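There are 4 protein chains.
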Amino acid sequence: MSRVYVSDKIHEECGVFGVYAPSGENVAPDIYNGLIALQHRGQEAAGISVSRTDGPRGNILTKKGMGLVSEVFETGDIERLTGNIGVGHVRYSTTGGSVPENAQPIAMNYIKGSLALVHNGNIMNAEEIKEGQLYRGQAHYTTSDTEVLAYEIISERLQSDNIEDAVLRAARKLKGGYVCIIMSPRKLIGIRDPQGIKPLVLGKKENGFILASESAAVEAVGGRVVRDIEPGELIVISCDGIKSIRDLCGKKHAHCVFEYIYFARSDSVMDGAGIYEARFNAGQALARKASVEADLVTGVPDSGLIAAEGYAVQAGIPFTLAFHKNSYIGRSFIKPTESERKNAVHMKLSVIKGTVMGKRIILIDDSIVRGTTMRGIINMLREAGALQVHVRISSPPFLYPCYYGTDVPSSHQLIASGHSADEICERIGADSLAYLNVRDFKSMVGELPLCKACFDGKYPV
Amino acid sequence: MSRVYVSDKIHEECGVFGVYAPSGENVAPDIYNGLIALQHRGQEAAGISVSRTDGPRGNILTKKGMGLVSEVFETGDIERLTGNIGVGHVRYSTTGGSVPENAQPIAMNYIKGSLALVHNGNIMNAEEIKEGQLYRGQAHYTTSDTEVLAYEIISERLQSDNIEDAVLRAARKLKGGYVCIIMSPRKLIGIRDPQGIKPLVLGKKENGFILASESAAVEAVGGRVVRDIEPGELIVISCDGIKSIRDLCGKKHAHCVFEYIYFARSDSVMDGAGIYEARFNAGQALARKASVEADLVTGVPDSGLIAAEGYAVQAGIPFTLAFHKNSYIGRSFIKPTESERKNAVHMKLSVIKGTVMGKRIILIDDSIVRGTTMRGIINMLREAGALQVHVRISSPPFLYPCYYGTDVPSSHQLIASGHSADEICERIGADSLAYLNVRDFKSMVGELPLCKACFDGKYPV
Amino acid sequence: MSRVYVSDKIHEECGVFGVYAPSGENVAPDIYNGLIALQHRGQEAAGISVSRTDGPRGNILTKKGMGLVSEVFETGDIERLTGNIGVGHVRYSTTGGSVPENAQPIAMNYIKGSLALVHNGNIMNAEEIKEGQLYRGQAHYTTSDTEVLAYEIISERLQSDNIEDAVLRAARKLKGGYVCIIMSPRKLIGIRDPQGIKPLVLGKKENGFILASESAAVEAVGGRVVRDIEPGELIVISCDGIKSIRDLCGKKHAHCVFEYIYFARSDSVMDGAGIYEARFNAGQALARKASVEADLVTGVPDSGLIAAEGYAVQAGIPFTLAFHKNSYIGRSFIKPTESERKNAVHMKLSVIKGTVMGKRIILIDDSIVRGTTMRGIINMLREAGALQVHVRISSPPFLYPCYYGTDVPSSHQLIASGHSADEICERIGADSLAYLNVRDFKSMVGELPLCKACFDGKYPV
Amino acid sequence: MSRVYVSDKIHEECGVFGVYAPSGENVAPDIYNGLIALQHRGQEAAGISVSRTDGPRGNILTKKGMGLVSEVFETGDIERLTGNIGVGHVRYSTTGGSVPENAQPIAMNYIKGSLALVHNGNIMNAEEIKEGQLYRGQAHYTTSDTEVLAYEIISERLQSDNIEDAVLRAARKLKGGYVCIIMSPRKLIGIRDPQGIKPLVLGKKENGFILASESAAVEAVGGRVVRDIEPGELIVISCDGIKSIRDLCGKKHAHCVFEYIYFARSDSVMDGAGIYEARFNAGQALARKASVEADLVTGVPDSGLIAAEGYAVQAGIPFTLAFHKNSYIGRSFIKPTESERKNAVHMKLSVIKGTVMGKRIILIDDSIVRGTTMRGIINMLREAGALQVHVRISSPPFLYPCYYGTDVPSSHQLIASGHSADEICERIGADSLAYLNVRDFKSMVGELPLCKACFDGKYPV
């Protein structure tokens, strides 16, 4: 008897959220709600740091811990976190042993006051930068690249006139895909990697400014999206308003394609492209590319639903909800015997028999990672009386690792690595299988330049 | 600052689950998973009682507590709950102060051994029956009708040859809508009220038998549905197999219509009628009754989605997912100011702008209770650029209280009580509003006789 | 590696506390503090029930749970427990598996309103009484004799004019040693067994009355002791003042000798005899009976200290504190290896070397149960350089089980059962060993009639 | 209604414990038990760090948190903390808001591997040292001087051949009273301030070495005390055995007198002087200096008991235990009304009436801080019938702040500051009051040079 994790998905690592309210009102409630709106980007740890811009220069209040936002924070915590400037973070940890020490924000006191920092992404040359820090006598409490970034900003601050210069000087050294929000005693600063791999958006709310991983989080707290932070842009929010520093802009863009395929919320808009539309378009492209006769189109909840809607409209076949999804499973459940564990998926998803019996079904999902979940789902459909199950995947086969902060299983766990589409089709028990092509991404988000390295191995950095 | 409950739905009170494994294997893991499958029927308390049919006649192990199934039970608990017969319960408490004492199962020792009992529904004459018990010197730890039922069975057991006779004699006295599963030292007994208001289904799994509120729960644990327990039927599962006692059968049936409209899982089949089909059919009937020109049909997630699918097919207008639902909200969240609280719905639901901008929308939901949530949703649609919002409700206006165990707000909180459809339409800010008629239920579940008292005031008992 | 329980003492089972404040003020704070004052009588569970005498007749608020009083109750709990009448309980559970269900008070609703009950002691004929209850259809949630007592009072209430008559009629049937406090909607009732085996005292505080196991608890909450409840007395506290019912008085008294030897707090006075004085006198008697030349007298903290003081005064040998006791051990600690576990006592107690090196020591304790702890302590003294260790026990050898609610290990675990004093002396490694005689109890508490059954096997009931 | 802290004592700030087992066995269980033995030195936070000397050079496992040792660690934690070298800490925090971040050990990774550090005392020039660190770009997570010390060692390590040189170079800069245990990947290092204000002792256990604040902690885990670490000595324990570096030795010694008066366990021996003997001697000196006719001598438990014993022996008046101390109070309890709060002491201490009624009493304690507790105790004695209460304090009036890590209330809260002995006597309601003189410390610990700055204002550093 043991608990079984029921996810077979690629994971994003983090969500970031920052607020500055010049008027002085407490921002912790908005950060809390913003993090709940970003919870899909990371469920293993959460944290908030706040301070007062009219207070002493080193007085940061922080609460962070392991678990969901709603588990880490109690009402009293939010009340105690008084401050009109703050940053928050939700984290999915890629390392086997996720440890409390690695929770963010990282909050430190240094020569110019205090600094709290939240970060999404991966700094590829962190070890190299860290070595220089070690030689300067800097020590690390954690093993994260976030702490390396914090120290580099602090080091640069010694010979900079202001915090934004220090951030800029530090950022010049970074390689990778990242966004970062830094809270200094008086300013909220956002920075986005020059390729724009990771997303960051600017929002506004009555008398406050917001930085967030996704537009949906801005709107969830009652804010209005102003615009995306540009790739390479450094944005400084202070009592003087907003200042934009574009010294690192001008590189070739490469927005992470997986944000559009799976990571981001369907109600977000990222770099001008709506997530819903991207997925709907992918479904349409898939229908054009790999049509098949069938009675209904359905999607694996929730990852395949929107592409299924697009496929259905394009193919002129009814879009049908064929599954019930149990939203009370949480992150694990208990199975009595080893033999039943392979069917774990049936606790989370179940087939609505009446809709599939005697039917030829087109089943859409955004990706196949290990293949076990898809095999279980197809098996359930057949047991419920489906005549045929044609699988259509709204992205290409997943083949290459990501170096920019996305957690992917090692190659030998990826079913697409070493198996042809036909072999995969047989393994998962489908009647037919088709993927989207890399070149079809054009239908998805138009001319927006994408990082598609996980599909084609062409890394932008 | 305070936590806000984000639900404006009618609530079912309970889910019940029982297993007997003659072969002797532990049933607690199946009960645990069965309760997770029934969690939508009650989220405030959960409990499991088990015993061994080959053990001493009074040795029940129980764990129960406040919260979700996954919160009440830890892995170790399930391991400690050793027994091959058992019952489980999930509870939604209707009283303001939900207290641990009222969690089920109720487990007692009495003259013939032990008894554990779980119950869904409401015994209308409980107070009257309780009075007799009090005169006999019986005392009550709780204020629930479940304890009254347990005592009545125990009292009748004194002059009965066996437990099933005692249950039958007790059941003869009961008025109301109820199902109950009783675990005696050697038998698992299910009883369903003579009108069949509340549901109960018999399942089978390898060498074990299951009783459950819904067919989906039987299947979630890998079982197969055998049949519904008939209205008035008393079923006895023991080492001698299954025995059916039909002394109370033959009354006029009146299955709860709200199970079909909202309570039950969409993948369940209840008294021969599939829940998915019922909701799909309701949507189709609604389209026939109240058609309107529009660009897309959508549903409030998750309660309106299936009816929306039916409406769309009937009307020949595309069915579109227009909302993102945040599944990490849990049961409450924190809002900074009173004024924002009225918009609480935007944390849980958000509109996918691209799909609604400039569109005429038909918005389906299963019911309108207070109207506040619907007003918020329509407001969000308009802010996202919807040109028109036509609301269609897949049930009639909700007007009368339920005496059979469903929690409904008092009359003055029901928007349909005292307001015409036109007034409601104006209050929620819709362009048009239409309900299903009571007579349209025929399209939904055919000739199945329903209790529709909450809509027409005609109470079956 | 595992946790080791570091107690080798006979255990009392419970402490009871009740308050009634006619003026209407909340009594939960006093009950909470009274229970902390009685915590030495039971550390495994605690609970409080309160109600309002001007409220409806069935509205009891209860909080109970496993653990110390300070663990079970949080500040908010005490605030929520509003009521001007209430009872509280601390429990030491004698059964291996201590379960939450058995925590007290027991609170029930019955035909005449509500009733909460706390109990210390053991009702020897509980099974017999329970049988009658089962035949009347009464069922039991717990396995405790306390619930049996509650049901018997309820049963008798059916044919009694008032609650005190019912308690009296129920008490007539009881055999054993017990005290009980019953809270009815309007009255606080105390009853003490006719032999007076268990203690109960009446106190007064400004405008309220108190019933408590010990006088020290009355004083701890700022009250004044009025008098002991007499053996067999039933006392009724209501808005009409205090009424005493003595129908069961007149039996031969037999106060539990172990209250004087070990259970009670040293600052309590019980049935006219001060606990401190009793222990001091026992030490003096021991010095007269079993003198030996030595350099200092010391006691095992805290159980042997007062008798050591008496011994020292009588013998004219200095009384010295030879041990440091670690008060942060709690109820268990972690030992790395099995071999070290036998020396577990050295974590809790350690010898002050300077005071014992080269000295001949008289070591006093109140009893020897298994002998392992005493052997460890003597070993520590010798390692610290003690020349001689003469053990003197301020009670006779412990030989017989107690049927009145005291937890004693089974015979084969008692070192005095089957071993002569000389054998025990050798086993524990002492230079000499002497016990008090049963007849010496006269020196201890004068003519007060005692139950000494655990020493002489003469049971009073 | 609120919780009341029932202590009016001067507080030590910390206890430290380190173990190195060359044989490779896990040291966490010994550290856990060692910390429990040192719990009296700090009850607000606890922590343990361990690593393996044969593992990679940066792999420290740490668990720390707020609360008692038994609250911070569960059995599983100790099992997970695998390592044959480790350090532990108990903390009393002097700052109003005690925060988790300040819990120790501090564990960091730096250029030469890893380092964990625990610290007792106060580094007076920490702010000055910190400034240099800030200019070098080092940032601080906490506000403690412990982190400053860790960084200084790390900085010095850059230009040192080994860790002990770095510790020595760092220590040369420190002013204050402190001891510190540093765990490097391969070595356990202890350092004691040159005046020897704070204590540190070396112990041995089978095949392991121990460093601890007190000898009693070494013995509590089954070890043997080897010797005190000398003032200014740096001790290095590694696989090569023990190395002593005495470069900082030779300063004038000044052992903290309060360790002898109150802080240390009575069974510890510190710098050659037994704590028990010191307190006993102080009591004798007090009897010689300020004798008075009386019937009995008693002490406030537990702080005044040993001095009372000494006084009694010297004066030839019987030493009597006049108080019962409730050991279940924990650190706070609940009082119903403001007016009763001033008598809070009666929950923790109560008088044994029989021993004091009609008696002239000499009452000993180690110190008077605010005077409120003493006033309450004297009041209790008078209410219990004491004829006279003569207070004797086994230390001089407490007048000056401590800069070496002891928490003392500010001057205006100290009753001795601004009041003569006669005024204090009147305020606390005693019949007479006498203190020990500063010159009487000679009787206490002989020629051992003491820091008595809190009494005479002569600071050694």
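Protein chains in written order, with our numbering: chain A, 24 to 484; chain B, 24 to 484; chain C, 24 to 484; chain D, 24 to 484.
Built from N, CA and C at the ideal position, the CB exists for glycine as well.
All figures in this text were calculated on a predicted structure; none of them were measured in a lab.
Would you call S466 of chain C buried or exposed, if buried means 16 or more other Cβ atoms sit within 10 Å of its Cβ?
-> Taking the first residue of the third sequence as 1, we reach residue 466 of chain C at position 443. S466 of chain C is buried by the Cβ-count criterion.
Confirm, please, whether the CB-CB distance from D318 of chain C to I284 of chain C is below 9 angstroms.
-> Counting from one through the third sequence, the residue named residue 284 of chain C turns up at place 261. Counting from one through the third sequence, the residue named residue 318 of chain C turns up at place 295. The answer is no: Cβ separation not under 9 angstroms.
Short-range partners of chain D found in the stretch 141 to 165 of chain A, where Cβ spacing is below 7 angstroms | Cβ contacts with chain D come from L157, Y158, R159, G160, Q161, A162, H163, Y164.
Determine which residues of the stretch 282 to 301 of chain B have a Cβ less than 9 angstroms from any Cβ of chain A, and write them out in chain order.
-> Of all residues in the stretch 282 to 301 of chain B, R288, S289, D290, S291, V292, G297, I298, Y299, E300 have a Cβ within less than 9 angstroms of some Cβ in chain A.
If you pair each beta-carbon of the stretch 322 to 332 of chain A with each one of the stretch 405 to 415 of chain B, do three or more pairs fall below 8 angstroms?
-> no
Looking at the C-beta of L181 of chain A, does it have a partner C-beta in chain D at a distance below 9 angstroms?
-> Locating residue 181 of chain A in the first sequence gives position 158, counting from the first residue. It does; some Cβ of chain D falls within 9 angstroms.
Grab me the residues of S314 of chain A's own chain with a C-beta within less than 8 angstroms of its C-beta, minus the 5 sequence neighbours each way, in chain order.
-> For this step, residue 314 of chain A is matched to residue 291 along the first sequence. Answer for S314 of chain A: A338, listed in chain order.
Relative to chain B, which residues along the stretch 329 to 342 of chain A have a C-beta separation below 8 angstroms, given in chain order?
-> I329, E332, V336, P341, F342
Cβ of M370 of chain D less than 9 angstroms from any chain C Cβ?
-> Translated into the one-based positions of the fourth sequence, residue 370 of chain D becomes position 347. Judged by the 9 angstroms Cβ criterion, M370 of chain D is in contact with chain C.
In terms of alpha-carbon separation, which member of C:A139, C:L157, C:Q218, C:V224 lies closest to I186 of chain C?
-> One-based indexing of the third sequence puts residue 186 of chain C at position 163. Out of C:A139, C:L157, C:Q218, C:V224, C:A139 has the C-alpha closest to the C-alpha of I186 of chain C.
Using the beta-carbon of each residue, which ones in chain B are nearer than 7 angstroms to V350 of chain A?
-> The residue labelled residue 350 of chain A in the question sits at position 327 within the first sequence. Val is not the amino acid found at residue 350 of chain A; the sequence shown has Ser there. S350, listed in chain order.
Let me know the beta strand (DSSP E) ranges lying completely inside the stretch 50 to 94 of chain A, each 3 residues or longer, listed in chain order.
-> 68 to 74, 84 to 89
Less than 8 angstroms between the CB atoms is what I'm expecting for I177 of chain A and Y133 of chain A, so what's the real figure, rounded?
-> Your numbering for residue 177 of chain A matches position 154 in the first sequence. Your numbering for residue 133 of chain A matches position 110 in the first sequence. About 5 angstroms separates the two Cβ atoms, so the contact holds.
Span of the beta strand (DSSP E), counted from its first residue to its last, around V412 of chain C = Looking up residue 412 of chain C in the third sequence gives position 389. Here the beta strand (DSSP E) through V412 of chain C covers 411 to 416.
Using a Cβ cut-off of 7 angstroms, pull out every chain A residue sitting near N132 of chain D, in sequence order please.
-> Looking up residue 132 of chain D in the fourth sequence gives position 109. Simply A162, H163.
Extent of the continuous alpha helix (DSSP H) to which G264 of chain C belongs = Counted from its first residue, the third sequence places residue 264 of chain C at position 241. Looking at the DSSP string, G264 of chain C is not in any alpha helix (DSSP H); the run it does join, the beta strand (DSSP E), is 264 to 268.
Taking S261 of chain A as the reference, give the member of A:P208, A:L471, A:P222, A:G245 with the closest Cα.
-> Locating residue 261 of chain A in the first sequence gives position 238, counting from the first residue. For S261 of chain A, the nearest C-alpha among the options comes from A:P208.
R462 of chain D versus V392 of chain D - alpha carbon distance = In the fourth sequence, counting from the first residue as 1, residue 462 of chain D sits at position 439. In the fourth sequence, counting from the first residue as 1, residue 392 of chain D sits at position 369. Rounded to the nearest angstrom, the two C-alpha atoms are 21 angstroms apart.
Neighbourhood of N82 of chain A by C-beta, 6 angstroms cutoff - its chain only, sequence neighbours within 5 removed | Locating residue 82 of chain A in the first sequence gives position 59, counting from the first residue. Once the five neighbours on either side are set aside, the close Cβ partners of N82 of chain A are S74.
Using alpha carbons as the reference points, say which of C:G200, C:T165, C:L437 lies closest to C474 of chain C.
-> Within the third sequence, numbered from 1, the residue matching residue 474 of chain C stands at position 451. Cα-wise, what sits closest to C474 of chain C is C:G200.
Whole-angstrom distance between K266 of chain D and F464 of chain D, CA atom to CA atom | Locating residue 464 of chain D in the fourth sequence gives position 441, counting from the first residue. Locating residue 266 of chain D in the fourth sequence gives position 243, counting from the first residue. Spanning the two alpha carbons is a distance of roughly 34 angstroms.
Show which residues of chain A have a CB atom less than 8 angstroms away from the CB atom of S178 of chain D.
-> Taking the first residue of the fourth sequence as 1, we reach residue 178 of chain D at position 155. In chain order: G160.
Straight-line gap, S440 of chain A to L422 of chain A (C-alpha atoms, nearest Å) | As a first step, residue 440 of chain A is located in the first sequence; it is residue number 417 there, counting from the start. As a first step, residue 422 of chain A is located in the first sequence; it is residue number 399 there, counting from the start. Computed Cα separation, rounded: 6 angstroms.
Of all Cβ atoms in chain A, is any one closer than 9 angstroms to the Cβ of F346 of chain B?
-> By 1-based counting over the second sequence, the position of residue 346 of chain B is 323. Cβ-Cβ to chain A under 9 angstroms: yes for F346 of chain B.
With a threshold of 16 other CB atoms inside 10 Å of the CB of M370 of chain D, please say whether the residue is buried or exposed.
-> Position 347 of the fourth sequence, counted from the start, is the residue given in the question as residue 370 of chain D. When all chains shown are included, M370 of chain D counts as buried.
Taking contact to mean at least 3 C-beta pairs separated by less than 8 angstroms, is the stretch 58 to 69 of chain A in contact with the stretch 233 to 242 of chain A?
-> These segments touch.
Quick one: does A453 of chain D have its CB under 9 angstroms from some CB of chain C?
-> Position 430 of the fourth sequence, counted from the first residue, corresponds to residue 453 of chain D. Taking Cβ atoms only, chain C never reaches closer than 9 angstroms to A453 of chain D, which makes this a no.
Beta-carbon contacts of L372 of chain D that lie in its chain and below 8 angstroms, excluding the five residues immediately before and after | Working through the fourth sequence from its first residue, we reach residue 372 of chain D at position 349. Closer than 8 angstroms at the Cβ level, and outside the excluded window around L372 of chain D, lie V323, P324, F346, H347, K348, N349, I400, M403.
Give the residues from the stretch 40 to 59 of chain A that approach chain B closer than 7 angstroms (Cβ to any Cβ), ordered along the chain.
-> P52, D53, Y55, N56, I59
Contacts around G41 of chain D, its chain only, beta-carbon distance under 6 angstroms, and the 5 residues preceding and following it disregarded = Taking the first residue of the fourth sequence as position 1, residue 41 of chain D is located at position 18. So the list reads V110, I204, L211, L234, once near-sequence residues are dropped.
Take I258 of chain B and list the residues in its own chain whose beta-carbon comes closer than 6 angstroms to its own, dropping the five residues that flank it on each side.
-> Looking up residue 258 of chain B in the second sequence gives position 235. Closer than 6 angstroms at the Cβ level, and outside the excluded window around I258 of chain B, lie G213, I252, S267.
Minimum C-alpha distance to G219 of chain B - residue among B:G106, B:F96, B:Q66, B:G144 | The residue you call residue 219 of chain B lines up with position 196 of the second sequence. Comparing Cα-Cα distances from G219 of chain B to each of B:G106, B:F96, B:Q66, B:G144, the minimum goes to B:G144.
Bridge-paired residues (DSSP) for Y43 of chain A | If you number the first sequence from 1, residue 43 of chain A lands on position 20. Paired residue(s): A:I108, A:F232.
Using the rule of at least 16 other Cβ atoms within 10 Å of the residue's Cβ for burial, across every protein chain shown, is Y158 of chain B buried or exposed?
-> Numbered from 1 along the second sequence, position 135 holds the residue referred to as residue 158 of chain B. Looking at its Cβ environment, which holds fewer than 16 other Cβ atoms inside 10 Å, Y158 of chain B is exposed.
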